[in-house]
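Below is one structure, written out as C-alpha cells; the observations come after it.
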Amino acid sequence: MDEVLIDDRGAWRVITLNRPDRLNSFNAAMHRALATALDAARDPACRAVLLTGAGRGFCAGQDLADVAVTDGAAPDLGVTIDEFYNPLVRRIRALDKPVVCAVNGTAAGAGANIALSCDIVLAARSAKFIQSFAKIGLVPDSGGTWLLPRLIGDARAKALAMLAEPIGAETAAGWGLIWRAVDDDQLRTEAEKLTAHLATQPTQGLALIKQALAAAATNTLDAQLDLERDLQRKAGRTPDYAEGVDAFIAKRTPNFTGRAS
C-alpha cells in the first residue's frame, strides 16, 4: 500500500496521508513519500495543494513503533527530527503556492503541528487537536513551540503543551488556531472548493504573501516595511498584476495564469 496518495487535478493536487490503520502516524517510509509528493508539487503547473488524511483521522504524529529501541539504549529523537520532521515543515512553509489542510478526525503530536504549518486549515467539527507530547515526557516539535504562541498566545500555548488536553475544531477556530470548522460531511467538499479557488488566483502574489507573513514573525517594523516594498515591486511586475488591473477596469473576471513572467 502506498503511504501517500497523490490525486492530480491539473492546476492543483490532493496529497493524502495513507496509513489509516495507524491513524496515519508517521514512519520513515511515509516521511519519504510525503517529501517526494511535496517536491513534485513545486511543478509550476500545480498552483495549490490540499493535504489531508485517509480514514478516520488526519495524523496521530510519530508511529512510536518505528522509533522503538530494542537494545536498551536511550533513543536519539533529535535524529528523527533532523532527518524528517524539520525538513517536512520547511518544505510546507517554503512551497511557493497555497497549502490547504483538511483535518479529518484526530491531529495529534507532530500531526497537529504539521497541519498548523499549512497556510489555511479547515477541520471537521468532530476533529481534535492534541499536543500529546507531554503525555510521554516530550516537547512539542515540528514547529509547535514556534507556532502555538504566535497563533493563540502564550497562556493558551503553555496550557495546551503542558496539559496535553484535546481541543475541538470549533474551539480551535474560535481561538484562531485554524481558519474554520465545518460539518464533517462537508469537509472534503469545502476543502476541495477552497483549493480549486486558490489555484485560479495570482499564484506569484500568493507566494509573496506567504514570504512576507513568514518574515514578519522576526522582522522589525522597519525591516518589514522594506520587505513589503521589495515584494510589491516583484508582484507589480507579474503578468497577473497586469491582468488584475485590466479586469478591474473592464469590470470582468480576471484570468490569472500564475506565471512569474
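When we follow my numbering, the leftmost residue of the sequence shown carries the number 128, and every step to the right adds one.
We treat Cβ as the ideally placed atom computed from N, Cα and C, and that holds for glycine.
Count the CB pairs spanning the region 302 to 314 and the region 246 to 253 that are closer than 8 Å, and state whether there are at least three.
Inter-segment contact for the region 302 to 314 and the region 246 to 253 is present: three or more beta-carbon pairs are separated by less than 8 Å.
By DSSP, does Trp-306 sit in helix, in strand, or in coil?
Reading the sequence shown from its first residue, position 179 is the one you call residue 306. DSSP places Trp-306 in coil when its eight states are reduced to three.
Cβ-based neighbour list, Ala-261, same chain, cut-off 6 Å, excluding 5 preceding and 5 following:
Here the question's residue 261 lines up with position 134 in the sequence shown. Closer than 6 Å at the Cβ level, and outside the excluded window around Ala-261, lie Met-289, Ala-291.
Evaluate the contact criterion for the region 177 to 187 versus the region 224 to 235: three or more CB pairs, one atom per stretch, below 8 Å.
Three or more beta-carbon pairs separated by less than 8 Å link the region 177 to 187 to the region 224 to 235, which places the two stretches in contact.
Roughly how many angstroms lie between the CA atoms of Phe-153 and Ile-133, to the nearest whole one?
Taking the sequence shown and counting its residues from 1, the one referred to as residue 153 is at position 26. Taking the sequence shown and counting its residues from 1, the one referred to as residue 133 is at position 6. Computed Cα separation, rounded: 17 Å.
What residues are listed by DSSP as bridge partners for Arg-140?
For the purposes of this step, residue 140 is identified with residue 13 of the sequence shown, where counting begins at 1. Partner(s): Asp-135, Val-176.
Since Phe-375 is in the alpha helix (DSSP H), which residue starts that stretch and which ends it?
For the purposes of this step, residue 375 is taken as the residue at position 248 of the sequence shown. Unbroken alpha helix (DSSP H) run through Phe-375: 366 to 377.
Residue nearest to Ala-164 in terms of C-alpha spacing, selected from Thr-143, Arg-174, Pro-171
The sequence position of residue 164 within the sequence shown is 37, counting from 1. Among Thr-143, Arg-174, Pro-171, the Cα nearest to that of Ala-164 belongs to Thr-143.
Could you compute how far the alpha carbon of Thr-365 sits from the alpha carbon of Ser-388?
Walking along the sequence shown from the start, residue 365 turns up at place 238. Walking along the sequence shown from the start, residue 388 turns up at place 261. One Cα belongs to Thr-365, the other to Ser-388, and the distance between them is close to 6 Å.
Below 8 Å on the Cβ atoms is my contact criterion, and I expect Cys-245 with Ile-208 to pass it. Report the Cβ-Cβ distance as a whole number of Å.
For this step, residue 245 is matched to residue 118 along the sequence shown. For this step, residue 208 is matched to residue 81 along the sequence shown. Not a contact, Cβ separation roughly 19 Å.
Lys-320 versus Cys-228: straight-line alpha-carbon distance, rounded
For the purposes of this step, residue 320 is taken as the residue at position 193 of the sequence shown. For the purposes of this step, residue 228 is taken as the residue at position 101 of the sequence shown. Their Cα atoms are separated by approximately 12 Å.
Check whether the Cβ atoms of Ala-160 and Arg-140 lie closer than 8 Å to each other.
If you number the sequence shown from 1, residue 160 lands on position 33. If you number the sequence shown from 1, residue 140 lands on position 13. No, the Cβ-Cβ distance between Ala-160 and Arg-140 is not below 8 Å.
So what's Gly-232 in DSSP terms, helix, strand or just coil?
One-based indexing of the sequence shown puts residue 232 at position 105. If DSSP states are grouped into helix, strand and coil, Gly-232 belongs with coil.
Taking 8 Å as the cut-off, decide whether the C-beta atoms of Leu-278 and Ile-241 are in contact.
In the sequence shown, counting from the first residue as 1, residue 278 sits at position 151. In the sequence shown, counting from the first residue as 1, residue 241 sits at position 114. Pairing Leu-278 with Ile-241 gives a Cβ-Cβ distance that is not under 8 Å.
Among Ala-181, Ser-253, Glu-370, Lys-285, whose alpha-carbon lies nearest the alpha-carbon of Asn-145?
Here residue 145 refers to the residue found at position 18 when the sequence shown is read from its first residue. Of the candidates Ala-181, Ser-253, Glu-370, Lys-285, the one whose C-alpha sits nearest the C-alpha of Asn-145 is Ala-181.
Going by the DSSP bridge assignment, what does Ala-250 pair with across the sheet?
Start at 1 with the first residue of the sequence shown, and residue 250 comes out as number 123. As computed with DSSP, Ala-250 is found in a beta bridge with Val-230, Ala-308.
Can you list, in chain order, the residues of its chain whose CB lies under 7 Å from that of Glu-130, leaving out five sequence neighbours each side?
To locate residue 130, count along the sequence shown from 1; it is residue 3. Taking C-beta separations shorter than 7 Å and ignoring five residues to either side along the sequence, the partners of Glu-130 in its chain run Asn-145, Arg-146, Ala-156, Met-157, Ala-160, following chain order.
Is there contact between the region 376 to 385 and the region 326 to 339, where contact requires at least three CB pairs shorter than 8 Å?
By the criterion of at least three beta-carbon pairs nearer than 8 Å, the region 376 to 385 is in contact with the region 326 to 339.
Residues bridged to Lys-255 by DSSP?
Stepping through the sequence shown from its first residue, residue 255 is reached at position 128. Bridge pairing for Lys-255: Thr-233, Gly-295 [DSSP].
Using C-beta distances below 7 Å, list every residue in its chain close to Arg-307, excluding the 5 sequence neighbours before and after it, in chain order.
Within the sequence shown, numbered from 1, the residue matching residue 307 stands at position 180. A distance below 7 Å between beta-carbons, with the five flanking residues on each side excluded, links Arg-307 to the following residues of its chain, in chain order: Leu-249, Ala-300.
Report, in whole angstroms, the separation of the C-beta atoms of Asn-354 and Ala-342, which I expect to be a contact under 8 Å.
For the purposes of this step, residue 354 is identified with residue 227 of the sequence shown, where counting begins at 1. For the purposes of this step, residue 342 is identified with residue 215 of the sequence shown, where counting begins at 1. Looking at the sequence shown, residue 354 is not Asn but Leu. By a beta-carbon distance limit of 8 Å, Leu-354 contacts Ala-342. Their separation comes to about 6 Å.
Got a sec? Which residues, its chain only, sit under 8 Å from Leu-358 by beta carbon, not counting five neighbours each side?
Working through the sequence shown from its first residue, we reach residue 358 at position 231. So the qualifying residues of the chain are Leu-335, Gln-338, Ala-339.
Can you tell which of Gly-205, Val-206, Ala-138 has the C-alpha that lies nearest to the C-alpha of Leu-177?
Position 50 of the sequence shown holds residue 177. With distances taken between Cα atoms, Leu-177 lies closest to Ala-138.
Taking Cβ positions, are Ala-254 and Ala-296 nearer each other than 8 Å?
For the purposes of this step, residue 254 is taken as residue 127 along the sequence shown, with counting starting at 1. For the purposes of this step, residue 296 is taken as residue 169 along the sequence shown, with counting starting at 1. Against a cut-off of 8 Å, the Cβ pair of Ala-296 and Ala-254 comes out as a contact.
With distance defined between alpha-carbon atoms, name the residue in Thr-322, Gln-189, Asp-281 nearest to Thr-179.
Translated into the one-based positions of the sequence shown, residue 179 becomes position 52. Closest option to Thr-179, judged by alpha-carbon separation, among Thr-322, Gln-189, Asp-281: Thr-322.
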